[in-house]
Amino acid sequence: MKKLIATHQNDCAYQVAEVYAARGETDKAFQWLNRAIQQRDPGTPELKTGPLMKSLRQDPRYAELLKRMRLPAWNEDSDIRMRFIGHGVYEQS
1 MKKLIATHQN
11 DCAYQVAEVY
21 AARGETDKAF
31 QWLNRAIQQR
41 DPGTPELKTG
51 PLMKSLRQDP
61 RYAELLKRMR
71 LPAWNEDSDI
81 RMRFIGHGVY
91 EQS
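For the sequence shown, the positions run 1 to 93 when my numbering is used.
Put into structure tokens, the structure is as follows:
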């Protein structure tokens, strides 16, 4: 993990967040998700449907992140694919 962060902290913040989420390190996952959004990481739309992020969905910070990204709230039936169109804006694809 240290090597991943050392070599890719500026271009793979979302993937770092996925690893932390999968490991159950929720606080670190949200720290890296916030970083991913700030960096406009192209992986961030996967937050909505990514299986590695499933453990975060019940946390209130998850809903706040979706709101910041202008994505609809998550529910069990959500399987919407989003794509980044610029300046923190996403659309269904």
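For glycine and all other residues, C-beta sits at the position ideal for the given N, C-alpha and C.
Remember, predicted model here, so these are calculated numbers, not experimental data.
Mind checking which residues open and close the alpha helix (DSSP H) that includes residue i?
| i | result |
| --- | --- |
| D27 | T26 to Q38 |
| L65 | P60 to R68 |
| A73 | Run containing A73: none; DSSP gives neither H nor E here. |
Measure from the alpha carbon of residue i to the alpha carbon of each residue in the options, then state which is nearest.
| i | options | result |
| --- | --- | --- |
| R68 | N34, G50, A22 and Q9 | N34 |
| L71 | I37, L4 and E18 | I37 |
| Y62 | A17, D11 and L4 | A17 |
| A13 | G50, R40, S55 and R23 | R40 |
| P51 | Q15, Q31 and W32 | Q15 |
Taking the C-alpha atoms as reference points, what is the distance between residue i and residue j?
| i | j | result |
| --- | --- | --- |
| P45 | E25 | 20 Å |
When DSSP labels each residue in this structure, what does residue i get in the three-state scheme?
| i | result |
| --- | --- |
| A21 | helix |
| P45 | helix |
Consider the Cβ of residue i: report whether some Cβ of chain D lies at a distance smaller than 9 Å.
| i | result |
| --- | --- |
| E25 | Here there is only one protein chain, and chain D is not present. |
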